[in-house]
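Protein chains in written order, with my numbering: chain A, 1 to 264; chain B, 265 to 528; chain C, 529 to 792; chain D, 793 to 1056.
What follows is a set of notes on a single structure, which appears directly below.
Number of protein chains: 4
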Amino acid sequence: MPAKPQTTTVPKASHVTRVDAELESLHGRSTRSERDKLALTAHILADEGHFGGLAGQLTARFGQNHFLTLPLGIGFDEAKASDILVVDDDLNVVEGHGIPNPATRFHLWIYRHKPNVHSIVHTHPPATSALSVIGQPLIIAHMDMCMFQDQCAYLPDWPGLPIGDEEGVVISSALGDCKTILLANHGLITAGSSIEEAAYLAFFFERAAALQLAASASGTIRPVDPKKAREAGDFLLKPKIVEMTFEYLARKIERGASAPSASQ
Amino acid sequence: MPAKPQTTTVPKASHVTRVDAELESLHGRSTRSERDKLALTAHILADEGHFGGLAGQLTARFGQNHFLTLPLGIGFDEAKASDILVVDDDLNVVEGHGIPNPATRFHLWIYRHKPNVHSIVHTHPPATSALSVIGQPLIIAHMDMCMFQDQCAYLPDWPGLPIGDEEGVVISSALGDCKTILLANHGLITAGSSIEEAAYLAFFFERAAALQLAASASGTIRPVDPKKAREAGDFLLKPKIVEMTFEYLARKIERGASAPSASQ
Amino acid sequence: MPAKPQTTTVPKASHVTRVDAELESLHGRSTRSERDKLALTAHILADEGHFGGLAGQLTARFGQNHFLTLPLGIGFDEAKASDILVVDDDLNVVEGHGIPNPATRFHLWIYRHKPNVHSIVHTHPPATSALSVIGQPLIIAHMDMCMFQDQCAYLPDWPGLPIGDEEGVVISSALGDCKTILLANHGLITAGSSIEEAAYLAFFFERAAALQLAASASGTIRPVDPKKAREAGDFLLKPKIVEMTFEYLARKIERGASAPSASQ
Amino acid sequence: MPAKPQTTTVPKASHVTRVDAELESLHGRSTRSERDKLALTAHILADEGHFGGLAGQLTARFGQNHFLTLPLGIGFDEAKASDILVVDDDLNVVEGHGIPNPATRFHLWIYRHKPNVHSIVHTHPPATSALSVIGQPLIIAHMDMCMFQDQCAYLPDWPGLPIGDEEGVVISSALGDCKTILLANHGLITAGSSIEEAAYLAFFFERAAALQLAASASGTIRPVDPKKAREAGDFLLKPKIVEMTFEYLARKIERGASAPSASQ
C-alpha cells in the first residue's frame, strides 16, 4: 500500500545536510594527471568558443616555482598533454618544445601574490569580450551565475599588449581576493584552487556573459538577492560539484572527435 | 480531362473535421518504454542547448509514488535508459546507481498537487534564462507559440537554491492549472500528461523564448488575437501532433552520434 | 613582356554583355528529377534552420492539377525522394503513403491564381519569424537582398491556423505579383518558376531576415538605391545564377551526412 | 632550493626584445604552394561563415599580371587547389576550367594601384554585412581588433553590382593605404602582403564585426587608446604571428571533414 503523499515541509537546513552527505558518498577525486586535465580544459573551452587565433593561455603550478602551459601556436582544440611545456617563473622553458605565449607573464604575478591559486585560465571568448568592450561587469541575476557572487572583480582600463611586468602588477592587484576578473577591452581571468575549478569558472563565466548580453539587449536585468546568491554560490563552488561538472565535460570531449590523446 | 480548379471556399469547420479524421487514421502510439522516452527527451533537449553543467532534471511517474529520473552528474547528452533511477516520493533511490539531483524535490510537489501531470521537465536553456533575467513572460505572437496560450504561468521571485520543500510549495502553487511556467532568474518547467508532451513543450518553450528575445531586441512585439491563438493551440496540443513531433525528434537523435543506447 | 596594366575604364554595359555570354557558355540545366530536387530543397533548408517541429511545407506542380509534397510528420532533414506524395488539388493522396500537411491547402490557392508559379516553399525560420512578430517587412539594404527588390509582399494580419480555404484566399491575394511574402506572426512563402528558384529565394529570405534583425538591433538600416537594387536583383534572379547556386547547395548536402538517398 | 619569487619589474621594452627573438627562433615559413594556401583560405573562411551562395572571391598574384582565383559556382567549403584558375588582368582564363566570378574585376584595380598587395579576400559574412547595412565602421575597442587600428577604410556608398570598371576605381581609391575596407551595404575587402595575411585579416575582421555588433546591441562601446592599439596592432601583424595563426587554422581544416584535397 503506497505511503500517504508528504504535505508538510521539512526545514531547508536538513535537506542541505542530507545533500552534503549524499555528495560526499559519491566516487572520489579523478585520477587524471595535471597535464591531462590541462589538455582537457583546453578542449572544453575550445568547444565553448573560447579560442580563435592564438590568444588565451592556460597554466597550472607544477612543483616549486614551475608551471605547466601550452606552447604559443598550439590551439586549444588541438592540444595534447604531451604538448604541454614546463616553464620557470621567468617563462624559460624547462621541459618541452616551443615557447610559451609571452602574455603568460601576468599569470606569474598572480601566482606570486596568491598562494592559494593553483591554476589560471585567460581567454577572450565572444560574449565576455562584448561585455569587456562596453565596460559592463557581471550582474548576478540567474542561478547559474551565483558562483560569481562576490567573486568577480573588474579592471576598467586596458593596460595594452600584456607582455610586460607592469600589466602583471596591475592585473594581479585588480583581481584582489576574487576568483575571477573581467578585463575591460580584453577578456576574462579565472584563478582556481585546482585546474578543475579554473576550467569550471571559465566555462560558466562565458555562459554568464552570454546570458547577460542577450538579456540586456532586450530588457532590464533584475539582479537576485545577494544573500540567496551567496548561498547558491557556496553550493555551486563545492569541490564535489566542481569535480562532477568537470568530469561530465571531460567525458563529452572524450566522446567527441576533438578529444586530446592525453599521453601521446 | 483535368477537373476545373476549385474557386469557392468550403467552411473551415469541415476542413478541421477532415484533418482530425486523417490524423486519427495515422499509425498509433509509440511502443517505446518510459525509460527510453525519458533518455530520448534528454538527448532531444541537449541538442537544443538545454543543458550545460549539471542543472536541469527530467522526471516521470513510475508506478505508485515512484518516479524515473537521471542521476546527478549524468549529462542530458550522454544519458542512457539504463542510467535512469527509480526514486520514491522523498527522493530515496529504489533502483539504480547514484543520487538524484537534489533540486528534483520541487517536482514531487507538483506531482502531489496535480494528478494529471505524468512527466516534468526543468531546464535553464539560454533564451528562456535571458527572459527569466529580465522578468518577461512569454507573449503569444507567433503561430509556433500558440500551444502556450493560457498555458504559461510566471513566478516573479526566485526562491533561492531550489533544494528545499519551501521552493516546491511556491513553484507548484505558481504553476496553477498551466502546463508550463517561467521561473524568474532561473528557467522553465513543463508539466505534461505524457513524457512526449513534457518534452514537446520544453522544446518549443525555448524556441518561443529565442524568438521573443530576438524580436524584442529589434522592435515591438505584436501579439496575436488570443481567440485565434487558442484555436491554433488546441490543434498544436492534439496528442497525435505531439506524438508525431516527438517521434520525428526521436528519429533525429537515433540517426545522430548522440543517440542513447536505449537499453544498455 | 607583360602587357601594360589597364588604366582606362570600359563601359559597364559591355562587361554585363560579356558576363551574360560567359554564363550562357556554362554547363546546362541539372538532370535531377523533380522529386530529387524537392528532397534536396528540404535538406538545404533544414541545414539553414528552417525546420523544427512539423511546420513548413514544400510543393511543386506535377502534371495537370497534381502536386508533389512531403507527408506530414517527415522532417526536412530526413526527407527522401521516395517519401514524396502526389496529391490532387483537394489534397487527396494520389500516390504515396501518409497525409499531406493540412496547411498545404493555401498553396493550392496560389497555384490556382498564378499559372507561372511552379513551386512553393513555406517555412517559419527563426529570423523571418522574428521579423514577422514585430511586423517589419524586408528592407533592401544589402547586395545579397537585392533579389527581393519589388519581390517581397507583406500580409500584416495573421488569419489563424491556416488549414482552411479562407487563409488561402487571403494569402494568395496578398502575394500579388511578388515572388515572396512575409506573413505577420507566421513565416515566409516563396513562389518560384522552378523548384530551384523557390529554394533559392527561401534560402536567401531567411539570410536577409537575419541580417536585417542583427542590423536593426544595433543601428539604423540604410536602404540601397532601388534602381541599383533592381539591376542587381535582375542579375541575382538570372536562371543560370539560381541554378548554379542550387547546384552548389545540393552538392553540399550530398557531401554531408544528411544527404537524402534520392531514390530509395 | 627554489629561487626567490621576482617582485621587481623589468622594463617592457626588454620583454618585447626577448619576445621578438623568441619568435624569430621558431620554425620558418610554410612550404605550402600558393594554390594550396588559397584553397585553405577558402575553407578557413567557409568555416567562419563567410560564404553562402556564390558571393565572395579570393585572389592572389601569380606571375606577371596573372592571378589565381576560384571559378564561379565553386563554394569556399568545397574548393580544391586543382579547381583554381589562372586569369590575366582582363579576367580571361589562362589555365583551368570555368569562369571567374565577374565581380573579381575590382580586385584587378587594387592590384594595379597597390604593388605591395599580393592577395585579396572579398566576402559578405553576416556580422560584417550587418555593420555595412547600418554604416558603422569598425571601432577599435578590443585587443583582438588592434590589427585594424589605422588599417580599416570605409566606403560609405554602394556603387551597385560590382562587375564594372567604375566599381573598381571607386573601391581601390577608397581603400587608400589601408589593408582592409568596409564596403557599405556590401561586405569586406582585405588586401594582404601574402595569402596568409589576407586570410588572417578577413578571419579577424568578421570576428571584430561580430564583437562590435553584439556589444553595441547591449551598451556603448568604449574604444581603446589609439597609441596602445597601434602597439598591439604592430605585434599582431608581425609576419610570424600571422603565419603561426594561419598554420593553426590550416591544421584545423586538415583535421576536419572539409579539408581540401590540395593537389587532386
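Glycine included, C-beta positions come from ideal geometry on N, C-alpha and C.
Neighbourhood of residue i by C-beta, 8 Å cutoff - its chain only, sequence neighbours within 5 removed
i, result
"V697 of chain C", "W637"
"K114 of chain A", "S172, L175, A191"
"G865 of chain D", "L846, G890"
"L551 of chain C", "K766, K768, I769"
"R640 of chain C", "D617, S700"
"L930 of chain D", "L923, M937, F940, C944, L974, F997, A1000, A1001, Q1004"
"G624 of chain C", "P599, D611, I612, L613, V614"
Residue range of the unbroken alpha helix (DSSP H) whose run includes residue i
i, result
"H122 of chain A", "That residue, H122 of chain A, is in no alpha helix (DSSP H); its beta strand (DSSP E) goes 119 to 123."
"V16 of chain A", "12 to 25"
"T920 of chain D", "918 to 926"
"R1022 of chain D", "1018 to 1028"
"H641 of chain C", "633 to 641"
"S701 of chain C", "693 to 703"
"D408 of chain B", "D408 of chain B -> no alpha helix (DSSP H), and no H or E assigned at all."
"T569 of chain C", "562 to 575"
Anticipated Cβ contact below 8 Å, residue i with residue j, distance rounded
i, j, result
"I709 of chain C", "A681 of chain C", "4 Å"
"G135 of chain A", "A184 of chain A", "5 Å"
"F579 of chain C", "D548 of chain C", "Actually they do not touch by this definition, with Cβ atoms about 36 Å apart."
"Y776 of chain C", "L846 of chain D", "7 Å"
"I691 of chain C", "A631 of chain C", "5 Å"
"E803 of chain C", "E576 of chain C", "Lying outside 529 to 792, the shown extent of chain C, residue 803 of chain C is not represented and no answer is given."
"I221 of chain A", "A214 of chain A", "About 10 Å; that fails the 8 Å criterion."
"S457 of chain B", "N356 of chain B", "S457 of chain B to N356 of chain B, Cβ: 26 Å. No contact."
"A1009 of chain D", "S746 of chain C", "5 Å"
Residues that DSSP places opposite residue i in a beta bridge
i, result
"D880 of chain D", "D:H858"
"L711 of chain C", "C:L683, C:G715"
"G456 of chain B", "B:S383"
"P599 of chain C", "C:P628"
"V1034 of chain D", "None; V1034 of chain D has no bridge partner."
"E95 of chain A", "A:V86"
6 Å CB neighbourhood of residue i in its chain, flanking five on each side removed
i, result
"T545 of chain C", "none"
"A795 of chain D", "At A795 of chain D the pLDDT is 43, less than 50, meaning the model places this residue with poor confidence and gives no usable figure here."
"N101 of chain A", "Q57, L72"
"F898 of chain D", "P954, E959, G960, I963"
Residues near residue i in its chain [Cβ-Cβ closer than 7 Å; skip 5 each side]
i, result
"L58 of chain A", "L38, T41, A42, T69, L70, V121"
"L1029 of chain D", "M939"
"V1016 of chain D", "I932, A933"
"D89 of chain A", "N65, L108"
"P239 of chain A", "none"
"E826 of chain D", "A852, F854, L860, I987"
"D685 of chain C", "A712"
"V506 of chain B", "E460, E461, Y464"
"S822 of chain D", "E1035, E1039"
"F732 of chain C", "D672, M675"
"V94 of chain A", "H66, V86, V87, D88"
"A79 of chain A", "A39, A42, H43, L70, P260"
Residue i - containing beta strand (DSSP E), residue span
i, result
"R589 of chain C", "585 to 589"
With a threshold of 8 Å, are at least 3 pairs of Cβ atoms found where one atom belongs to the stretch 487 to 507 of chain B and the other to the stretch 401 to 421 of chain B? yes
Taking contact to mean at least 3 C-beta pairs separated by less than 8 Å, is the stretch 123 to 142 of chain A in contact with the stretch 209 to 218 of chain A? Cβ pair count under 8 Å is three or more, so yes.
Does the stretch 41 to 48 of chain A come within contact of the stretch 6 to 17 of chain A, defined as at least 3 CB pairs closer than 8 Å? no
Examine the Cβ distances between the stretch 395 to 408 of chain B and the stretch 340 to 353 of chain B and report whether three or more of them are shorter than 8 Å. Contact fails between the stretch 395 to 408 of chain B and the stretch 340 to 353 of chain B, because fewer than three Cβ pairs, one in each stretch, are under 8 Å apart.
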